[in-house]
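The opening residue of the sequence shown carries number 1 in full-length UniProt numbering; numbering runs sequentially from there. Even for Gly, the Cβ is constructed at its ideal location relative to N, Cα and C. A quick note: this is a predicted structure, and the numbers were derived from the prediction, not measured.
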Amino acid sequence: MAVTNESDTFDIGGELTVHRLGFGAMRLCGPEVIGPPDDEAAAREVLQRAVDLGVDFIDTADSYGPGVSERLVREAGVTGDAVVATKAGLLRNTDGDWLPHGDPDYIRNQVLASRDRLGVDTIDLYQFHRPDPDTPFEDSVEAFAELKDEGLVDHVGLSNVTVDQLETARDQVEIATVQNQYNPGNRDDANVLQACEEYDIGFIPWFPLGAGDLGEKAAVLDEIADEHDATRMQVALAWHLQHSPVTLPIPGTSSLDHLEENVAATAISLSDEEVQRLSE
Ligand SMILES: NC(=O)c1ccc[n+]([C@@H]2O[C@H](COP(=O)([O-])OP(=O)(O)OC[C@H]3O[C@@H](n4cnc5c(N)ncnc54)[C@H](OP(=O)(O)O)[C@@H]3O)[C@@H](O)[C@H]2O)c1
């Protein structure tokens, strides 16, 4: 049977309806997420296949490449078929470092560059990538709020924030999503997910598969995977989808086979007991 994205939908910011299983476009870049991949045509094909399989939510960032991931999303021709979320707030260098930079002028510059690379007038969801210790958090968030007021972005999201930072930002602008690290093996930010549930904010778990390292939950995942004739990665994704109705997992891959495997995970139905075992 053909693989298709069977996940249910979530309304980002109450109006952008997407299937909850999305795609993370960071892994389409070269090593260390710097520069282009060896085979750009293959990267574009992964994006196109994702959309063909029913994925309509794609996550990227100005810092992926930098610029490369956004460019590939545009070149793949998928911006009209999917909600595209991008981010600003991190600088890169040839050592592959990720350097927080939340200066408001920089954010206002980056939105223009991202619009051009993505080929859109308005960015669907613009996320503040990571709070910058050298810039007051409120100042960075204010820049995002202004961009929303000016119509350059439709919705504002945060990434790598605490519940306190989420509350602070919510006083300044409507927050549509929060993107934090979260997977069955790392639930340190469970309190952030809980806050998102309370406010009906989309929670985008990055590193949803732990890139294969799911810590002490690996053995349980494998046991459950055997029961469902599935893989560990598929069970991890099924868990994300059943663990919370506001979760929008964005597994990343540069492989068509892994993409199909990940989308096929949306057909898996875990029992309440299995979800519970993975949530303990
Ligand atoms: N906001 C942030 O600070 C932040 C930080 C990191 C990432 N992100 C976002 O989150 C997305 C996902 O995070 P991530 O890519 O770090 O982690 P991930 O999705 O947990 O793992 C991706 C890795 O797992 C492999 N993989 C994917 N599907 C697989 C499968 N079915 N079987 C075996 N291996 C598989 C991929 O390799 P192959 O290419 O070989 O499949 C890739 O190396 C990124 O694309 C990015 O959009 C955000």
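Please list, in chain order, all residues of the same chain as residue i whose beta carbon is under 7 Å from its beta carbon, the five residues on each side excluded.
i    : result
A113 : D62
I175 : V156, G157, L158, L166, A169, I201
S7   : H19, R20, L21, L241, T266
G67  : R117
W239 : P184, L270, V275, L278
So residue i and residue j are supposed to be a Cβ contact under 8 Å. How far apart are they, rounded?
i    : j    : result
G252 : M26  : 5 Å
P249 : P184 : About 11 Å; that fails the 8 Å criterion.
A169 : L158 : 6 Å
L278 : L221 : 7 Å
R71  : R115 : The pair is not a contact, with the Cβ atoms about 13 Å apart (cut-off 8 Å).
Q48  : V83  : Actually they do not touch by this definition, with Cβ atoms about 16 Å apart.
A145 : Q172 : 5 Å
L53  : T4   : 6 Å
R130 : N109 : Rounded, the Cβ-Cβ distance is 17 Å, inconsistent with contact.
Cutting at 8 Å between CB atoms, please list the residues of its own chain near residue i, excluding the five before and the five after it.
i    : result
D132 : G89, P100, H101, G102, D103, S140
F207 : Q181, Y182, N183, N186
H243 : V275, L278, S279
F137 : G102, P131, Q165, T168, A169
A218 : G185, R232
T162 : V192
Of the residues the options, which one's Cα is nearest the Cα of residue i?
i    : options                : result
R232 : L241, E280, L214       : L214
V111 : A85, G96, N93, E223    : A85
A2   : E280, E273, V263, S269 : V263
D124 : E146, G80, V163        : G80
Y64  : T94, S271, Q48         : T94
F128 : T60, S69, G96, D97     : T60
D56  : L28, D11, G119, K217   : D11
D121 : E150, D97, T17         : E150
E260 : F23, T17, T9, E15      : F23
E198 : D226, V246, T162, V235 : V246
H228 : S269, C196, L209       : S269
K87  : L147, D226, V163, E15  : L147
Y106 : G119, V73, E142, G96   : E142
E40  : S254, H258, E273       : S254
S69  : G30, D272, Y126, A50   : G30
D257 : Q234, D272, P37        : Q234
A195 : E32, E216, D164, L28   : D164
E223 : L193, N191, E273       : E273
A42  : T17, E32, I34, V73     : V73
L28  : T162, A50, T17         : A50
Residues bridged to residue i by DSSP?
i    : result
D95  : According to DSSP, D95 bridges with nothing at all.
T86  : Y126
L158 : F128, V178
T247 : F203
G151 : Bridge partners of G151: none, in fact.
G252 : G24
P100 : L90
With a threshold of 6 Å on Cβ separation, who are the neighbours of residue i within its own chain once the five nearest residues in sequence on each side are excluded?
i    : result
Y182 : D189, P205
G13  : H155, A176
A76  : R44, L47, Q48
R92  : S63, P66
D97  : none
What runs of the alpha helix (DSSP H), each 4 residues or longer, lie entirely inside the segment 5–74? 40–52
What are the uninterrupted segments assigned as beta strand (DSSP E) that are 3 or more residues long and contained completely in the segment 180–206, given in chain order? 202–206
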